[in-house]
Structures are given as structure tokens and as C-alpha cells.
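Last residue of the sequence shown: 810 in this note's numbering, with the numbers rising by one and none dropped. We put the beta carbon where it would ideally sit given N, CA and C, even for glycine. Here's the structure, in C-alpha cells; my notes come after.
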Amino acid sequence: MKTTANQSVEVIADILCDACGASVVPDFQKEHRDNLNDFSEYGILHASYGYGSNQDGDSFHFDLCERCFKELVSKVKSMPACNAQGA
Ligand SMILES: [Zn+2]
């Protein structure tokens, strides 16, 4: 005999950009997927600092839409160190 139970499983329904708040998931992806648990086609900025550094143990994680990620990349590329290397 089998008995049943109602289980509620938490799934990722949307992923929002940490900079502008827009969804990073195209509409057609949301329509054709049951959930977004394995969706990885967006910008992720992740940094963690080791113990003993100035940011001692801090860790940062930002999900970014394509537009904000591009903006960030162009900002970094415009920084003096990048320009000095001719990048
Ligand atoms: Zn954004």
C-alpha cells in the first residue's frame, strides 16, 4: 500500500538584477520552464575575501542583468589600471 503526502517544494520562480531590479530571465524562458533552478545564463558577480585581508571574511554575491553587467564591465575597463595595460 502506498500512502501519499502533499509536499511543497521551493523552486526558483524568477531571478532579479541586484542593480536595477529587472528580471534577468527572458519571458519565453519563464513560459517554457517549470522552474529556474538550473538557469545560469546571466551575470553573476561573486567575491569572497580570505581571513586576514582588509575585507576579512566578507563575501559578496550579485545577480546582474545583461545591461547592468555590460555597464559594470565597461566601468572596470575604463579604470586607470586597465588603460595603462592598453586593454
Ligand atoms: Zn540590471
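Backbone secondary structure at Ala810 - three-state DSSP: Bear in mind that a pLDDT of 48 at Ala810, under 50, signals an unreliable position, so the model cannot answer this.
By how many angstroms is the C-alpha of Asn729 removed from the C-alpha of Met802? 54 Å
Cβ of Tyr765 within 8 Å of Cβ of Val747? yes
Do Asp737 and Leu768 come within 8 Å of each other at the CB atom, strictly closer than that value? no
At a cut-off of 7 Å, is Cys805 close to ligand 1 when judged by its beta-carbon and the heavy atoms of the ligand? no
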